[in-house]
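Everything in the sequence shown is counted per my numbering, starting at 1 for the first residue and increasing by one.
Just so it is clear, CB atoms sit at the ideal spot from N, CA and C, and this is done for glycine as well.
As the structure is a prediction and not an experimental result, all values here were calculated from the model.
One structure below.
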Amino acid sequence: MKILFTAEHDNNLDKLKELGDVIISGWALGDPKLTEDELIELAKDCDIIITSYDDITEKVIVACEQLKLIACTRATPVNVDCKAATKRNIPVIYTPGRNSDATAELTIAHMLCVARNIPQAYMALKNGEYTDANRADLSGDGVQKDAIWDVTSDSPYEVFKGFELHGKTLGIIGYGSIGRRVGRIARGFGMALAIYDPFLSAVDVNEPGVKIVSLDELLCHSDFVTLHLKVSESTIGFLNQERIGMMKESAFLINTSRAAVLDEEAVIEALRENRIKGAGFDVYAHEPIHADHPYIKELNNVTITPHIAGATVEVLTNHTNMIIDDINRFLKNEPMLHQYN
């Protein structure tokens, strides 16, 4: 058994190497994505290709005559020509849910950051604001040491005063693997959940504090709105100007899924005009995000991260274990758990 491995990993490939001769190349070594010709040269006599981001095109699939299985360590194998693989009776396996916990946690982190102005407060201190160069005791004689720094209108206590998650309503658009995890964490903060997902029934969320609602109701009444949608013809531009306009002025918008499901220009205008309170984003219409983007240069009511929702060590371990488990099933002629085609 010969395996080409170009996927992200956690440096623990012993179980994979037990399956056969493993060629490690490309992204797995920290190198750029491989070209079609490079892939063909490396995999021309391989039985299995395991990749994260390389484009496994029809040309690659046809040229690699020994190929029997393609594994993609992503929630959707968008970089694999599944039709071409199916034509050659080659199964394509993938790793749905591998980064669900990581993405859910970053979603909650954005909610906390934008509601409590954490990045803004951090940067103010790093820039020397609200600090004392003379190391003076701000609490004064006879005053307990944990007193707030000041109570003037321009003090950090006032400037960065935010909102609690407790008692608020979180509107979750898309209640799949990630949306459910976000909801579970949010419930721990004491939030009520409003769910919009046309593929769910009331039985699926039959618990106190969780309610399936119409999209209009969710947008009109939620204090936080978070998107967890896959990109499809029906979801591109899903949250458009009209729907953003339905949100409360006090509401916060979070998107850690895909930028395509959101009208970015409409969000920028809503933030500029304070038609929503704030937002937190991990994804953008153009990536890497432009250096002069309004989120960076202009708006101070938005928190941003550089598409890192799935960037945890645990995600790498998860998808490696999932792939190895399914490869073992494949070798034993057992049904695979995560076959895409």
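query: Rounded to whole angstroms, what's the CA-CA distance from residue 45 to residue 30? Just pull it up for me.; result: 23 Å
query: With 16 as the cutoff for other CB atoms within 10 Å, does residue 196 come out buried or exposed?; result: buried
query: Is residue 168 buried or exposed, if buried means 16 or more other CB atoms sit within 10 Å of its CB?; result: buried
query: Tell me which residues share the same chain as residue 97 and place their Cβ nearer than 6 Å to its Cβ, disregarding the 5 neighbours each side in the sequence.; result: 177
query: Using 10 angstroms around the beta-carbon of residue 181, count the other beta-carbons present and answer buried if the total reaches 16, otherwise exposed.; result: buried
query: Let me confirm a value: residue 327 is counted as buried when at least 16 other C-beta atoms fall within 10 Å, else exposed. Which label applies?; result: buried
query: Thinking C-beta only, is residue 109 closer than 8 Å to residue 163?; result: no
query: Among residues of its own chain, excluding the 5 on either side of residue 160, which ones have a beta-carbon nearer than 6 Å to its beta-carbon?; result: 117, 121
query: For residue 255, write down the residues that DSSP places opposite it in a beta bridge.; result: 227, 281
query: Restricting to runs no shorter than 3 residues, where is the beta strand (DSSP E) found entirely within the stretch 98-122?; result: none
query: Give the single residue among 269, 264, 275 whose Cα lies nearest to the Cα of residue 247.; result: 275
query: Alpha carbons only, please: which of 202, 183, 200, 201 is nearest the one belonging to residue 193?; result: 183
query: For residue 241 versus residue 263, is the C-beta spacing smaller than 8 Å?; result: yes
query: Compute the Euclidean distance between the alpha carbons of residue 331 and residue 166, then round it to the nearest angstrom.; result: 50 Å
query: Sort 243, 68, 4 by Cα distance to residue 38 and report the nearest one.; result: 4
query: Would you report the Cα separation of residue 41 and residue 341, rounded to the nearest angstrom?; result: 25 Å
query: Tell me the rounded alpha-carbon separation between residue 220 and residue 202.; result: 20 Å
query: Hey, how far is the Cα of residue 61 from the Cα of residue 67?; result: 7 Å
query: Once you ignore the five residues that flank residue 59 on each side, which residues in its own chain have a CB closer than 8 Å to its CB?; result: 36, 40
query: Give every residue of the same chain whose Cβ lies closer than 6 Å to the Cβ of residue 8, excluding the five residues on either side of it in the sequence, and list them in chain order.; result: 52, 316
query: Within the continuous alpha helix (DSSP H) that includes residue 330, where are the two ends?; result: 313-331
query: What would DSSP say about residue 339, mapped onto helix, strand or coil?; result: strand
query: Of all the alpha helix (DSSP H) runs that stay within the bounds of the stretch 144-170, which reach a length of 4 or more residues?; result: 156-159
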